[in-house]
Amino acid sequence: MSSGSTSGHAFPGAAPAGTPSGTPAGVMTSETMAGNAASITPSTSASANQSDRSNDQTPPSGPATVGQRTRLTPEQRKDNHVASEQKRRMAIRQSFERICELVPGMAGQARSEGPVLEATVMHVKRLLLERREMIRALEANGVPVEDKLKAPLEALPEGCLDNLENEDPNPEN
């Protein structure tokens, strides 16, 4: 009997021992045999293939057939869901902390979602307004401005930045 390899060729359907599917290395079912026959290189002899297949094959009714999975208990599913939700919340919390570091006036502030998002939107709008003014100044002085620098402004809805022009650009001062 072979030790889990088939004349140096790995079959894509055979999972190594200890994998989640639980299928030992080299164990093949009749279904995966047919699909893997095409992946064998032409230099491998047909008689070697026949010999290896018969040595490594277990009956499809055996306990280690490809495709079987151990089902999780309801408690395990609940624990996985809770862990995933905690991971998602931690990622959101870390992202809000990074935003607070980047947006002027937000460092050391309360991390409530509403005010953080509102301050972020205002900051981005101020940056876009500043860009628009710089482009206008360059063009007024005859300096050509590449279209790729204008594109973010042209993609904005009409009047998006108009309400900011009369506001104090540095409200934290």
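Counting along the sequence shown from 1, when you hit position 83 you're at 83 in the UniProt record's numbering, and nothing is skipped either side.
We put the CB at the ideal spot given by N, CA and C, even for glycine.
If you're wondering where the values come from, they're calculated on a predicted model, not measured in any experiment.
Find the nearest neighbour of residue i within the set the options, judged by alpha-carbon distance.
i, options, result
"P157", "K125, R69, A91, K78", "K125"
"C160", "R93, G105, L127, V145", "L127"
"E75", "Q68, A83, R69", "A83"
Leaving out five residues before and five after residue i in sequence, what residues of the same chain have Cβ atoms less than 6 Å from its Cβ?
i, result
"S47", "With a pLDDT of only 47 at S47, under 50, the local geometry of the prediction cannot be trusted, and the value read off the model is given with reservation. The answer is none, since no qualifying residue turns up."
"P141", "What sits at residue 141 in the sequence shown is Asn, not Pro. Answer for N141: no residue qualifies."
"E85", "none"
"R111", "F96"
Where does residue i land, buried or exposed, given buried means 16+ other C-beta within 10 angstroms?
i, result
"T90", "As written in the sequence, residue 90 is Met, which differs from the Thr given in the question. So M90 counts as exposed."
"E154", "exposed"
"H81", "exposed"
"T29", "Interpretation of T29 is limited by its pLDDT of 46, a score under 50 that renders its predicted location unreliable; no figure is taken from the coordinates."
Closer than 7 Å by C-beta to residue i: which residues in its own chain qualify, once you throw out the five before and the five after it? Chain order, please.
i, result
"V103", "A119, T120, H123"
"V145", "I135, L138, E139"
message: Contact between the segment 121-131 and the segment 144-164 is defined here as three or more beta-carbon pairs at a separation below 8 Å; is this criterion met?
response: The segment 121-131, when compared against the segment 144-164, does touch it at the 8 Å Cβ threshold.
- request: State whether the segment 114-125 contacts the segment 91-103, with contact taken as three or more CB pairs (one from each stretch) at a distance under 8 Å.
  value: yes
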